[in-house]
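My numbering numbers the first residue of the sequence shown as 275 and each following residue consecutively.
Every residue, glycine too, gets a C-beta built ideally from N, C-alpha and C.
Since we're looking at a predicted model, the values are computed, not measured.
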Amino acid sequence: MARVYFHYANSEGVCIDQRGTAVGNLAEVRDHAARVVQSLITAEGPEDWRDWTLHVSDDLNDEIFELPFSSMLGKLH
């Protein structure tokens with residue numbers, strides 16, 4: 275199992291994932307990334323998430339992929 279970190283950022287700031295999440299494979303990483311974005315978008319609050327991006331990286335801080343929040347808008351159930 276690997277530890278993966280889910281940081282999110284826009285042009286004005288960055289939120290760093292200090293703990294990370296243990297995952298078994300890339301499919302789990304992608305599923306977790308989508309859940310992170312969905313949970314932030316659906317949380318009550320004034321934040322406009324359209325310009326945010328989730329950056330997924332490994333324990334060496336190498337980026338695995340990024341997921342723009344805008345790609346998830348309109349796909350919420």
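Q.
Are the CB atoms of Val278 and Val311 within a distance shorter than 8 Å?
A. Indexing the sequence shown from 1 puts residue 311 at position 37. Indexing the sequence shown from 1 puts residue 278 at position 4. No; because the gap between Cβ atoms is not below 8 Å, this pair is not in contact.
**Q.** Selected residue, minimal CA-CA separation from Ser344, among Cys289, Ala308, Pro320 and His281
**A.** Numbered from its first residue, the sequence shown carries residue 344 at position 70. The shortest C-alpha separation from Ser344 is found at Ala308.
Q.
Classify Glu337: buried if its beta carbon has 16 or more other beta carbons within 10 angstroms, exposed otherwise.
A. For the purposes of this step, residue 337 is identified with residue 63 of the sequence shown, where counting begins at 1. Exposed, since its Cβ has fewer than 16 Cβ neighbours within 10 Å.
(Q) Tell me the rounded alpha-carbon separation between Arg304 and Cys289. (A) As a first step, residue 304 must be located in the sequence shown, where it is residue number 30. As a first step, residue 289 must be located in the sequence shown, where it is residue number 15. Answer to the nearest angstrom: the Cα atoms are 19 Å apart.
Q | Nearest to Ala283 (by Cα), restricted to the options Gln292, Leu328 and Asp291 | A | Taking the sequence shown and counting its residues from 1, one reaches residue 283 at position 9. Checking every option, the nearest Cα to that of Ala283 belongs to Leu328.
Q. Tell me which same chain residues have a C-beta within less than 6 Å of the C-beta of Asp333, skipping the five on either side of it?
A. Translated into the one-based positions of the sequence shown, residue 333 becomes position 59. Here the set comprises Arg277.
Q. How would you write the range of the alpha helix (DSSP H) that Leu314 sits in, first residue to last?
A. Here residue 314 corresponds to residue number 40 of the sequence shown, with the count starting at 1. Leu314 -> alpha helix (DSSP H) spans Leu300 to Thr316.
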